[in-house]
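Residues 1 to 185 in UniProt numbering are what the sequence shown spells out, letter by letter. Everything on this sheet refers to the single structure shown next.
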Amino acid sequence: MTALFLVPHQKKYAEEISRLSSAPQVKDALGFDDEQTSVEGTRNFITYIFEQEMLGKLFSRVILNSDREPIGVITLKDIDRIHNTCHIGTWIGYPFWGKGYNALAKAEILHIAFTKLQLNYVFAGAKRVNIRSQKAQEKLPYIRIGVEHEFPEEHKKLEAQVEAPCMLNVIERERFMTWWYTSRK
Numbered sequence: 001m002t003a004l005f006l007v008p009h010q011k012k013y014a015e016e017i018s019r020l021s022s023a024p025q026v027k028d029a030l031g032f033d034d035e036q037t038s039v040e041g042t043r044n045f046i047t048y049i050f051e052q053e054m055l056g057k058l059f060s061r062v063i064l065n066s067d068r069e070p071i072g073v074i075t076l077k078d079i080d081r082i083h084n085t086c087h088i089g090t091w092i093g094y095p096f097w098g099k100g101y102n103a104l105a106k107a108e109i110l111h112i113a114f115t116k117l118q119l120n121y122v123f124a125g126a127k128r129v130n131i132r133s134q135k136a137q138e139k140l141p142y143i144r145i146g147v148e149h150e151f152p153e154e155h156k157k158l159e160a161q162v163e164a165p166c167m168l169n170v171i172e173r174e175r176f177m178t179w180w181y182t183s184r185k
């Protein structure tokens with residue numbers, strides 16, 4: 001079984017996160033530019049994370065593998081305390097693709113979202129051109145696919161943020177928690 005750890009962002013991870021996010025496979029899929037993936041841009045991102053977490057607007061972690069090396073980032077963003085919702089975003093460094101880290105990281109942070117943060121819905125979206133992300137989401141046993149019509153405002157917000165056509169999926173607390181407890185037996 002692949003092991004991973006979700007740890008708070010730290011400046012010491014900036015160089016490795018910059019290197020991983022600069023790979024064309026990651027950079028292009030996420031629409032990052034050279035400034036965002038630079039070491040300085042990564043340090044600025046970490047500062048932004050600290051500020052937004054203090055305000056309760058997001059919860060983000062660095063994903064470490066079993067060797068305690070950074071392999072990606074996972075974030076609960078746009079946390080809405082009125083509706084108890086948020087959006088999830090994850091990226092894994094290219095050398096670590098296809099090893100199960102995405103699903104493991106999502107399960108861990110979703111458990112935090114539903115137990116510690118007491119959220120009801122976590123939305124997962126992907127650009128329509130990002131087939132890899134769509135396929136990864138479809139594999140999650142607790143997700144509901146294609147909920148754009150059920151949550152039109154969330155869908156509209158997502159497309160405005162990424163400035164591209166997107167698909168929208170949702171993870172609901174009850175469905176996830178049922179999966180969580182039955183998968184651990």
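In this text, a Cβ means the ideal position worked out from N, Cα and C, and glycines have one as well. In this text the structure is predicted, and so the values were computed from the model without any measurement.
| Item | Value |
| --- | --- |
| CB R144 to CB V170, shorter than 7 Å? | yes |
| Look up Y121 in the DSSP assignment and give the residues it is bridged to. | T85 and E172 |
| Using the DSSP secondary-structure output, state which residues sit across from M167 in a beta bridge. | A126 |
| Going by the beta-carbon positions, is the gap between A136 and N84 smaller than 7 Å? | no |
| DSSP three-state call for S133: helix, strand or coil? | helix |
| Can you name the residues that DSSP bridges to N102? | Paired residue(s): none; N102 is not in a bridge. |
| Can you grab the Cα-Cα spacing for the pair M177 / T47, in whole Å? | 32 Å |
| What is the residue span of the alpha helix (DSSP H) that F59 lies within? | Per DSSP, F59 belongs to no alpha helix (DSSP H); it is in the beta strand (DSSP E), F59 to N65. |
| How far does the beta strand (DSSP E) with F5 in it extend, from its first residue to its last? | L4 to V7 |
| Using 10 angstroms around the beta-carbon of R61, count the other beta-carbons present and answer buried if the total reaches 16, otherwise exposed. | buried |
| By the 10 Å Cβ neighbour count, where 16 or more other Cβ atoms means buried, how is E154 classified, buried or exposed? | buried |
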